[in-house]
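*Asks:* Sharing a structure below in structure tokens format, with a few things to ask.
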Amino acid sequence: MNKSFHASKKPVQRPCREMDKPGRASERIARSALVLALTVFSSASAAESVTLNQKDTGYRGIWYMNQPSGDEYVYKYSGGLGTYCAKHQPFAVYRPEVGKTFFCYGGAAPGTNNKLLHMVSYYDHATGEVPKPTILLDKNTSDAHDNPVISVDSEGRVWIFSTSHGTGRPSYVHRSVKPYDIDTFEMVNVTKVEDGNDIPMTNFSYMQAWHTGKGFACFFTRYNYPAARTICFMSSPDGVRWSEWQRLAAIDQGHYQISAVDGRKAGSVFNYHPKGKGLNWRTDLYFMETEDFGATWRAADGTLLTLPLTEAKNSAMVHDYEAEGLNVYLKDIQYDRNGRPVILYVTSKGYESGPKNDPRTWTTAMWDGKQWQIRPAMTSDNNYDMGSLYIESDGTWRIIAPTETGPQPYNPGGEIAMWGSSDKGLSWRKISDLTAGSERNHTYARRPVNAHDGFYALWADGHGRQPSESYLYFCDKSGVVRVLPREMTAPTAKPMCGKTP
């Protein structure tokens, strides 16, 4: 499916201590020293056991499925989800200081397609080569919701935030020992402020980790706080000591959110789960932003918000999709050159795969300074088709996404296409088809931070209806696609152009 609203041109291919008794002070001091020593030893041992710092033999993405559906589509969603999910950001960061795009992904252990390893690598724009990827850790799960995200600080240290899906598994934070280096990472014993005390921070979900001029600004989810999925914000000047977790919204059963930062703002876009309908129902569209690192939050029109939001009808609402009976699937958000947000999302009539919930309408919502301009763009065939929005220096909007029907129709992903708009989403034209004739669906095309023309989007492929191998891909701005090598014998290799072998 590749219908475009107002298409203007034909496609171009491409958590009491008893008071001391007399005579027991020295015993207490000795005991405290022992506890401290054991704690340090335990922390060092834990870091050593978790952190692998091993080289892999190539690039293999994880295959993942969620919720068997009992129909011809087999699962609610599935496929090669190494760059999943939309609520994880970022997966890649370009740093001009060294001419490299650093990236991470959910990898698969050798000989498997669903044992999750956290992988880190880079693309060297000068040589056109990639090194053997670094295996940072084994997440001890097959759940792609535990995929890592990456950030690079002002000193060039590469940070990896290892997320968890809920509270059943631990989360970790690592940073590179050397700037702009992926060979050796160290675990960071991060803390957060709670009730005025610094306590260990060992669990977070759906992490979006942005490094700014003031340090880190992170959007994430905390389960059962009080909503089933409460969206939060935290910040840190150094990535080690984090602020108190700030609840942004906890309406009914909670939310999904995506986020973005620009030079002076950080913004969150979210939907909500109405009470009693289950987490598969997600609707409405909201936006809030901060210009003071979370001290205050406002709606797009400047209205001051009292957090957390707890009512569905509130000043942060962009559009009431519940009234239209539509689900809302968040994809991306960018700030334009005027510091105004543009949101990319998909609407549909229900969560199940298949034509009964068509159309899946890709939509943009742009704040024009006075109101939200909501415009349809194109359609595709699954709610979990995921792509990225680009707003370029000349004002051109671009979408790279699996909007075209793939080899497993109505399953997540498909064939990747590049779309462009020169009139802020009023009309779109397909610039090129990036993939075609594939054996497996391509999906979750991710935009790097400060994307370089030579590494413009990163994604993976995988069969939509059965476990399969998964390759990793990237494309340049012109639409040329390269495949990351699944097997490597030398320390570095040049990705191949074109289709998988």
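Position one of the sequence shown corresponds to residue 881 (the working numbering), numbered consecutively onward.
Each residue gets a CB set at the ideal place from its N, CA and C atoms; glycine is no exception.
1) Considering only C-alpha positions, which residue in the set M1114, L1165, R1121, K1145 is nearest to G1134?
2) Grab me the residues of K1374's own chain with a C-beta within less than 6 Å of its C-beta, minus the 5 sequence neighbours each way, in chain order.
3) Can you determine whether any heavy atom of the ligand ATP sits closer than 7 Å to the C-beta of E1295, and answer yes or no?
4) How many angstroms separate the CA atom of I1079 from the CA atom of D1118?
5) For the beta strand (DSSP E) that contains C965, what are its first and last residues?
6) Given a cut-off of 8 Å on the beta-carbon distance, is the pair W1252 and M1258 in contact?
7) Going by Cα to Cα distance, which pick from M1114, M1168, N1207, A1196 is closest to P1154?
8) Any contact between the stretch 1259-1274 and the stretch 1176-1196? By contact I mean 3 or more CB pairs, one from each, below 8 Å.
9) When you compare the CB positions of Q1088 and H968, do they come within less than 8 Å of one another, or not?
10) Name the residue from I1280, Y1201, F1150 whose alpha carbon lies nearest to the alpha carbon of G1294.
11) Use the C-beta contact count for E1319: other C-beta atoms within 10 angstroms, 16 or more gives buried, fewer gives exposed.
12) Note down, one range per segment and in chain order, each beta strand (DSSP E) of at least 3 residues found wholly within the stretch 1112-1163.
13) Can R1326 and W1339 be called in contact, C-beta distance under 8 Å?
14) What would DSSP say about D1026, mapped onto helix, strand or coil?
15) Examine the Cβ distances between the stretch 941-952 and the stretch 990-998 and report whether three or more of them are shorter than 8 Å.
16) Give me the residue from M1114, G1046, E1035, H1045 with the minimum Cα distance to P1059.
17) What does the Cβ neighbour count give for V1057, buried or exposed, with the cut at 16 atoms within 10 Å?
18) Can you say whether L1017 is buried or exposed, counting buried as having 16 or more other CB atoms within 10 angstroms of its CB?
19) For the beta strand (DSSP E) that contains W1252, what are its first and last residues?
20) Might you give, ordered along the chain, the residues of its own chain that have their beta carbon closer than 6 Å to the beta carbon of A855, omitting 5 neighbours on each side?
21) For Y1167 versus I1223, is the C-beta distance shorter than 8 Å?
22) Does the beta-carbon of A1316 have 16 or more other beta-carbons within 10 angstroms, so that it is buried, or is it exposed?
23) From Y1052 to W1161, what distance separates their C-alpha atoms?
24) Rounding to the nearest angstrom, what Cα-Cα distance links Y974 and A988 in this structure?
25) Considering H1045, what are the terminal residues of the beta strand (DSSP E) in which it resides?
26) Quick check on this structure: which residue in T1241, I1296, K1304, G1300 has the alpha carbon closest to the alpha carbon of H1322?
27) Please state the DSSP three-state secondary structure of K980.
28) Which parts of the stretch 1310-1344 are runs of the beta strand (DSSP E), unbroken and 3 residues or longer, counting only runs that do not cross its ends?
29) Taking only beta-carbon positions, decide if M1368 is within less than 8 Å of chain B.
30) Whole angstroms is fine: what's the gap from K1072's alpha carbon to S1139's?
31) Would you say Y1103 and S1116 are within 8 Å of each other, going by their C-beta atoms?
32) Opposite R1109 in the DSSP bridges: which residues?
33) By a C-beta neighbour count over all protein chains shown, 10 Å radius and 16 as the cutoff for buried, is Q934 buried or exposed?
34) Considering only DSSP beta bridges, list what H1091 is partnered with.
35) Taking DSSP as the reference, what is the three-state secondary structure of A1245?
36) Have a look at V1000 and E1204 and give me their C-alpha separation to the nearest angstrom.
*Replies:* Straight from the coordinates:
1) Here residue 1134 refers to the residue found at position 254 when the sequence shown is read from its first residue. When only C-alpha atoms are compared, the closest one is L1165.
2) Walking along the sequence shown from the start, residue 1374 turns up at place 494. Excluding residues within five positions, the ones whose Cβ falls inside 6 Å are G1008, E1009.
3) Of the ligands one can find in the structure shown there are none, so the ligand ATP has no counterpart to examine.
4) If you number the sequence shown from 1, residue 1079 lands on position 199. If you number the sequence shown from 1, residue 1118 lands on position 238. Cα to Cα, I1079 sits roughly 16 Å from D1118.
5) If you number the sequence shown from 1, residue 965 lands on position 85. It is not in any beta strand (DSSP E) - C965 carries neither H nor E in the DSSP assignment.
6) If you number the sequence shown from 1, residue 1252 lands on position 372. If you number the sequence shown from 1, residue 1258 lands on position 378. Cβ distance not < 8 Å, so W1252 and M1258 don't count as in contact.
7) Stepping through the sequence shown from its first residue, residue 1154 is reached at position 274. For P1154, the nearest C-alpha among the options comes from N1207.
8) Contact fails: fewer than three Cβ-Cβ distances are below 8 Å.
9) Looking up residue 1088 in the sequence shown gives position 208. Looking up residue 968 in the sequence shown gives position 88. For Q1088 and H968, yes; Cβs fall inside 8 Å.
10) One-based indexing of the sequence shown puts residue 1294 at position 414. Residue I1280 is the option with its Cα nearest to G1294.
11) As a first step, residue 1319 is located in the sequence shown; it is residue number 439 there, counting from the start. Exposed: under 16 other Cβ atoms inside 10 Å.
12) 1126-1129, 1137-1141, 1146-1152
13) Taking the sequence shown and counting its residues from 1, one reaches residue 1326 at position 446. Taking the sequence shown and counting its residues from 1, one reaches residue 1339 at position 459. Yes, the pair counts as a contact, with Cβ atoms nearer than the cut-off.
14) Looking up residue 1026 in the sequence shown gives position 146. Reduced to three states, the DSSP call for D1026 is helix.
15) yes
16) Within the sequence shown, numbered from 1, the residue matching residue 1059 stands at position 179. Ranking the options by Cα distance to P1059, first place goes to E1035.
17) For this step, residue 1057 is matched to residue 177 along the sequence shown. Classification of V1057: exposed, given that the 10 Å Cβ count is below 16.
18) As a first step, residue 1017 must be located in the sequence shown, where it is residue number 137. Classification for L1017: buried.
19) By 1-based counting over the sequence shown, the position of residue 1252 is 372. Looking at the DSSP string, the run of the beta strand (DSSP E) that includes W1252 is 1252-1260.
20) Outside the shown range of the chain, which is 881 to 1381, sits residue 855, and nothing can be said about it.
21) Sequence index remark: in the sequence shown, residue 1167 carries index 287 (1-based). Sequence index remark: in the sequence shown, residue 1223 carries index 343 (1-based). The residue you asked about is not Tyr; residue 1167 is Phe in the sequence shown. In this structure, F1167 sits near I1223, with a CB-CB distance shorter than 8 Å.
22) On the sequence shown, residue 1316 is found 436 positions in, with the first residue counted as 1. Exposed, because fewer than 16 other Cβ atoms sit within 10 Å of the Cβ of A1316.
23) Position 172 of the sequence shown, counting from 1, holds the residue named residue 1052. Position 281 of the sequence shown, counting from 1, holds the residue named residue 1161. Approximately 30 Å between the Cα atoms of the pair.
24) For the purposes of this step, residue 974 is taken as residue 94 along the sequence shown, with counting starting at 1. For the purposes of this step, residue 988 is taken as residue 108 along the sequence shown, with counting starting at 1. Roughly 24 Å separates the two Cα atoms.
25) Against the sequence shown, residue 1045 aligns to sequence position 165. Looking at the DSSP string, H1045 is not in any beta strand (DSSP E), and its letter there is neither H nor E.
26) Walking along the sequence shown from the start, residue 1322 turns up at place 442. The shortest Cα separation from H1322 among T1241, I1296, K1304, G1300 belongs to I1296.
27) Numbered from its first residue, the sequence shown carries residue 980 at position 100. Strand.
28) 1321-1326, 1337-1342
29) In the structure shown, chain B cannot be found, because there is only a single protein chain.
30) Along the sequence shown, one-based indexing puts residue 1072 at 192. Along the sequence shown, one-based indexing puts residue 1139 at 259. About 21 Å.
31) As a position in the sequence shown, residue 1103 is number 223, starting the count at 1. As a position in the sequence shown, residue 1116 is number 236, starting the count at 1. No. Outside cutoff.
32) To locate residue 1109, count along the sequence shown from 1; it is residue 229. Its beta-bridge partners are Y1103, G1134.
33) Taking the sequence shown and counting its residues from 1, one reaches residue 934 at position 54. By the neighbour-count rule (16 or more Cβ atoms within 10 Å), Q934 is not buried but exposed.
34) On the sequence shown, position 211 is the one that residue 1091 refers to. Paired residue(s): F1096.
35) Counting from 1 along the sequence shown, the entry for residue 1245 is found at position 365. Reduced to three states, the DSSP call for A1245 is strand.
36) Your numbering for residue 1000 matches position 120 in the sequence shown. Your numbering for residue 1204 matches position 324 in the sequence shown. Cα-Cα distance, rounded: 42 Å.
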